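The block underneath contains the structure these notes are about, expressed in structure tokens.
Numbering (the numbering used here), first residue to last: 56 to 248.
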């Protein structure tokens, strides 16, 4: 880089990327909104697919549509309640993460309203790092799992005392990304309690 470019770079302030500005602007606009609305807006802005389900029947129907549209053949799922959903719609699943799994159907710990991120622990993904999960992740959660921010989520996890391997995920279309795969699709089925 030439000396002239280095000097200009020091003098002229660097603009932050448009996506980062948009996420920050959206988060600022939503700071007084209800946590569930704020989470849904930030989650979808970041590339997630948000599906509100009034009851388990609606969740089952939505799950079936996702599996058909995404042409999912084999699902990683170790949660007993979620396995029942997959059995009803006749989808093959494995309780252990396999290379041939093209989706994961899991629960989560918390949904963080201030960032649109989803907190996972070993309760949700066993001992696997989130980076090993398939490109399509379907998450079942309830409205009561929405928390204001990471601090509130951490306090609740600390009170439970049984969670290990904390991580959070998002689709990463904004600057909130930690997933290593940029093409990850996250589908959230949010059930009313």
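All residues carry an ideal CB built from backbone N, CA and C; glycine is no exception.
All values derive from a computational prediction rather than experimental measurement.
**OP:** Give the straight-line distance between the Cα atoms of residue 184 and residue 195, rounded to the nearest whole angstrom.
**Re:** 19 Å
Subject >> Close Cβ partners of residue 150 (< 6 Å) along its chain, the five nearest in sequence each way excluded >> reply: 133
Original post:
Would you report the Cα separation of residue 98 and residue 87, rounded to the nearest angstrom?
Top reply: 17 Å
Original post:
Excluding sequence positions up to five away, which residues of its chain have a Cβ less than 6 Å from the Cβ of residue 107?
Top reply: 245
Subject >> heavy atom of the ligand GDP below 7 Å from residue 113 C-beta >> reply: Looking for the ligand GDP in the displayed structure turns up nothing, as the structure carries no ligands at all.
Original post:
Which partner residues of residue 193 appear in the DSSP bridge assignment?
Top reply: 160 and 242
**OP:** Can you give me the start and stop residues for the alpha helix (DSSP H) that residue 124 sits inside?
**Re:** 111 to 124
Subject >> Straight-line Cα distance separating residue 208 from residue 180 >> reply: 17 Å
Original post:
Is residue 202 helix, strand or coil by DSSP?
Top reply: strand
Subject >> For residue 93, the first and last residue of its enclosing alpha helix (DSSP H) >> reply: 90 to 100
Subject >> Range of the contiguous alpha helix (DSSP H) that encloses residue 166 >> reply: Run containing residue 166: none in the alpha helix (DSSP H); it sits in the beta strand (DSSP E), 165 to 167.
Subject >> residue 30 versus 248, 247 and 225, residue with shortest Cα-Cα distance >> reply: This structure gives no information on residue 30, because the portion of the chain shown stretches from 56 to 248.
Original post:
Hey, residue 157 and residue 129 are a contact pair by Cβ (cut 8 Å); roughly how many whole angstroms apart?
Top reply: 6 Å
Original post:
What are the residues that DSSP puts in a beta bridge with residue 104?
Top reply: 242
**OP:** Over the uninterrupted alpha helix (DSSP H) stretch that includes residue 137, give me the two end residues.
**Re:** 135 to 143
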